[in-house]
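In what follows, a structure is listed as structure tokens, so that the remarks can point back to it.
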Amino acid sequence: MKKILIADDEHKIIMTLEYAFKKAGYEVFIARDGSEVLELLKTEIPDMILLDIMMPNVDGYTTLAEIKRDKNLSGIKVILLSAKSGEADIKKGLELGADDYITKPYSIKKLTERVEELLTDKQ
Numbered sequence: 001m002k003k004i005l006i007a008d009d010e011h012k013i014i015m016t017l018e019y020a021f022k023k024a025g026y027e028v029f030i031a032r033d034g035s036e037v038l039e040l041l042k043t044e045i046p047d048m049i050l051l052d053i054m055m056p057n058v059d060g061y062t063t064l065a066e067i068k069r070d071k072n073l074s075g076i077k078v079i080l081l082s083a084k085s086g087e088a089d090i091k092k093g094l095e096l097g098a099d100d101y102i103t104k105p106y107s108i109k110k111l112t113e114r115v116e117e118l119l120t121d122k123q
């Protein structure tokens with residue numbers, strides 16, 4: 001079973017994504033900020049991380065940089081999900097190593113398809 005980590009501080013988004021990915025056959029892990037993501041990665045290595053940028057404590061950019069810096073974690077696929085839609089924000093996310101950058105609001109169907117594409121490319 002493929003594992004996905006959803007990191008967002010908005011409860012409704014977490015609930016919606018958790019439902020969609022469990023229905024699609026994923027084992028789902030939840031984090032509400034970057035520090036929870038980094039803590040969880042000490043015990044679980046997901047295939048994919050859906051990472052919000054604007055979160056309390058440790059933001060998505062910092063979290064992404066930490067993940068990509070760690071050789072044991074750097075192979076995890078990461079999609080940034082954010083309301084920040086500026087060109088500079090997107091560029092920064094991709095330069096830090098995100099596999100994709102999807103702006104909110106987004107289609108759950110298209111997001112699940114994109115996750116599948118990226119995980120299929122991984123094999």
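Quick note on numbering: the working numbering labels position 74 of the sequence shown as 74, and the sequence is numbered without any gaps. We put the CB at the ideal spot given by N, CA and C, even for glycine.
Are the Cβ atoms of residue i and residue j separated by less than 7 Å?
{"i": "L119", "j": "D47", "result": "yes"}
{"i": "T103", "j": "S85", "result": "yes"}
{"i": "L80", "j": "I53", "result": "yes"}
{"i": "D59", "j": "K77", "result": "no"}
Could you say which of the options lies nearest to residue i if we only look at CA atoms?
{"i": "L94", "options": "I30, P56, L51", "result": "L51"}
{"i": "M55", "options": "R69, E117, I14", "result": "I14"}
{"i": "L5", "options": "E113, D100, E27, Y19", "result": "E27"}
{"i": "Y61", "options": "Y19, E117, G97", "result": "G97"}
{"i": "I67", "options": "K92, N57, L41, K91", "result": "L41"}
{"i": "T140", "options": "V37, K71, N72", "result": "Residue coverage of the chain in this structure runs from 1 to 123, which leaves residue 140 outside it and unanswerable."}
{"i": "G25", "options": "N72, K2, E117", "result": "K2"}
Could you please give the first and the last residue of the uninterrupted alpha helix (DSSP H) stretch that includes residue i?
{"i": "M15", "result": "11-23"}
{"i": "I144", "result": "Outside the modelled stretch of the chain, which goes from 1 to 123, sits residue 144, for which no answer is possible."}
{"i": "I67", "result": "60-69"}
{"i": "E39", "result": "34-40"}
Which term fits residue i, buried or exposed, when burial requires 16 or more other beta carbons within 10 angstroms of its beta carbon?
{"i": "L83", "result": "Reading off the sequence shown, one finds Ala at residue 83, where the question assumed Leu. Label assigned to A83: exposed."}
{"i": "T43", "result": "exposed"}
{"i": "K12", "result": "exposed"}
{"i": "A88", "result": "exposed"}
{"i": "I45", "result": "exposed"}
{"i": "Y101", "result": "buried"}
Residue i lies in the beta strand (DSSP E); which residues open and close that run?
{"i": "A98", "result": "Here A98 belongs to no beta strand (DSSP E), and DSSP marks it neither H nor E."}
{"i": "M48", "result": "48-52"}
Next item on the list: Say whether the segment 95-109 touches the segment 23-33, bearing in mind that this needs 3 or more beta-carbon pairs closer than 8 Å, one atom from each stretch.
Entry: No: fewer than three Cβ pairs fall under 8 Å.
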